[in-house]
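Residue numbers (full-length UniProt numbering): 1 to 376. Notes follow once the structure below has been shown.
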DNA sequence: CAGACGTGGAG
DNA sequence: TCTCCAAGTCT
């Protein structure tokens, strides 16, 4: 027995990460509508998989603040997965309107249908979760760990950033993902894996931020290689991104004397799939400004009402908005009239609300529940 | 694998 | 104004 160097296990950074992070998480708990209070969690209460799933889908590429009201509204309308499965597709799209990435809503409904058809219980393993529509590697791991206490490697944008800095990963994203995942797997604890995952994401969201990280407040500052070497903000290294092209088109807001507006439904697939719109021309890259009213869906006294611009992920759009008062025109095929009072409840994406607002200011605003204009 | 796919907030 | 980007997934 040759004498070994003294055991330094307690000083092994890898072993220390999870406990340090969890201690920080416990001391900095964030109240979120889909989270179980620490007191309940300590008693062994598990989160409702339906709520975990719903929140995770909504949180994909979407900020916490944007999700909160939608999460509450969905939970009130559809308290469990069987209720959501029994809902109309159209009602789900209407409830999702404004949140973006509408394929998520279609997949959400498809997933609810699948789970309900299978008895109403969500799968409790990454592999089985991954097979459901709208659930990719991240969401499968998140649900498995948070709802079912499984030690899965939950890797989102926050975790990638934290790990890139902690280990000073020089490989650019997304190429570095496998490398980061391998390191992450060495950190995931068997005890409280769900809290570990949420702690990593909270840390990325509140301390290890993309710009101006608050390293002085970081529970992992003593282990962070990027900080030790001086420039955490430099990480993660990312590949250069492409320029976004510009597109133009015209939108036509037809208004009846009673204030109703002519709408139609977009194709199920593709941009704003399954959502509602006002009639528009195609959105082309042409720069000649030829978005004239002669391209209107039908002849009318089209008046220019203004221009709106909207930035999508991969292109910018300028829409020339035209308005016309319509009296006796037959409703075109596949179109419908939405009453003025119902506009705010239609499945209108933000870009379409902007177009309608340009023609009829205030038209898509949700009316106040209290109307203090009662006669005496 | 790279591109499609929304929106609103922060700096 | 403008760039970045937020708890990604699908094709």
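For every residue, glycine included, the Cβ atom is placed at its ideal position computed from N, Cα and C.
query: Going along the chain, which residues of its own chain have a beta-carbon closer than 6 Å to the beta-carbon of residue 323, five neighbours each way excluded?; result: 253, 303, 305 and 359
query: Check whether the region 229 to 249 and the region 277 to 287 touch, using three or more Cβ-Cβ pairs below 8 Å as the test.; result: yes
query: What three-state label does DSSP hand residue 51 in the structure shown?; result: helix
query: Give the C-beta separation of residue 223 and residue 13 to the nearest angstrom, bearing in mind that I take them to be a contact with Cβ-Cβ under 8 Å.; result: 5 Å
query: So residue 146 and residue 129 are supposed to be a Cβ contact under 8 Å. How far apart are they, rounded?; result: Actually they do not touch by this definition, with Cβ atoms about 11 Å apart.
query: Output the residue ranges of the beta strand (DSSP E) runs that lie fully inside the region 271 to 316 and measure 3 residues or longer, sorted by chain position.; result: 303 to 311
query: Take residue 188 as the anchor and find which of 22, 313 and 40 has the nearest alpha-carbon.; result: 22
query: To the nearest angstrom, how far is it from the Cα of residue 245 to the Cα of residue 310?; result: 12 Å
query: Of all the options 262, 48 and 162, which has the alpha carbon lying nearest to the alpha carbon of residue 120?; result: 48
query: Please go through the same chain and pick out, in chain order, the residues whose beta-carbon is closer than 8 Å to the beta-carbon of residue 234, but skip the five residues on each side of it.; result: 226
query: What are the boundary residues of the alpha helix (DSSP H) that residue 196 is part of?; result: 193 to 206
query: Smallest Cα separation from residue 103: which of 271, 297 and 339?; result: 271
query: Looking only at its own chain, which residues have a Cβ that is under 7 Å from the Cβ of residue 364, when we skip the five neighbours before and after it?; result: 343, 344, 348, 353, 356 and 357
query: Can you list, in chain order, the residues of its chain with a C-beta nearer than 7 Å to that of residue 291? Leave out the 5 residues immediately preceding and following it.; result: Bear in mind that a pLDDT of 46 at residue 291, under 50, signals an unreliable position, so the model cannot answer this.
query: How many Å lie between residue 341 and residue 95 at the Cα?; result: 16 Å
query: When you compare the CB positions of residue 273 and residue 106, do they come within less than 9 Å of one another, or not?; result: yes
query: For residue 237, which residues in the same chain have their Cβ closer than 8 Å to its Cβ, ignoring the five residues on either side in sequence?; result: 164, 169, 170, 171, 172, 173 and 176
query: Can you tell me which of 167, 181 and 91 puts its alpha carbon nearest to the alpha carbon of residue 141?; result: 181
query: So what's residue 335 in DSSP terms, helix, strand or just coil?; result: strand
query: Residue 109: buried (16+ other C-beta within 10 angstroms of its C-beta) or exposed?; result: buried
query: Look up residue 264 in the DSSP assignment and give the residues it is bridged to.; result: 277 and 335
query: Among 78, 297, 34 and 199, which one has its Cα closest to the Cα of residue 156?; result: 199
query: Whose C-beta lies closer than 7 Å to the C-beta of residue 308 among residues of the same chain, with five residues either side of it excluded?; result: 319, 321, 354, 355 and 358
query: Which residues bound the beta strand (DSSP E) around residue 247?; result: 246 to 255
query: Only counting the same chain, and skipping five residues up and downstream in sequence, which positions put a Cβ closer than 8 Å to that of residue 39?; result: none
query: Which same chain residues, not among the five before or five after residue 351, have their C-beta less than 6 Å away from its C-beta?; result: 310
query: Beta-carbon within less than 7 Å of residue 59's beta-carbon, same chain only, minus the 5 sequence neighbours each way: which residues are those?; result: 67
query: Sort 167, 166 and 136 by Cα distance to residue 154 and report the nearest one.; result: 136
query: Run through DSSP, which three-state label would residue 318 get?; result: strand
query: Put residue 68 into one of helix, strand or coil per three-state DSSP.; result: helix
query: Can you tell me whether DSSP reads residue 10 as helix, strand or coil?; result: With a pLDDT of only 44 at residue 10, under the threshold of 50, the placement of this residue in the model should not be trusted; the figure read from the coordinates follows. DSSP places residue 10 in helix when its eight states are reduced to three.
query: In three-state DSSP terms, what is residue 239?; result: coil
query: Rank 221, 161 and 72 by C-alpha distance to the C-alpha of residue 16 and give the top, closest one.; result: 221
query: Going by CA-CA distance only, name the one from 313, 315, 300 and 346 that's closest to residue 330.; result: 300
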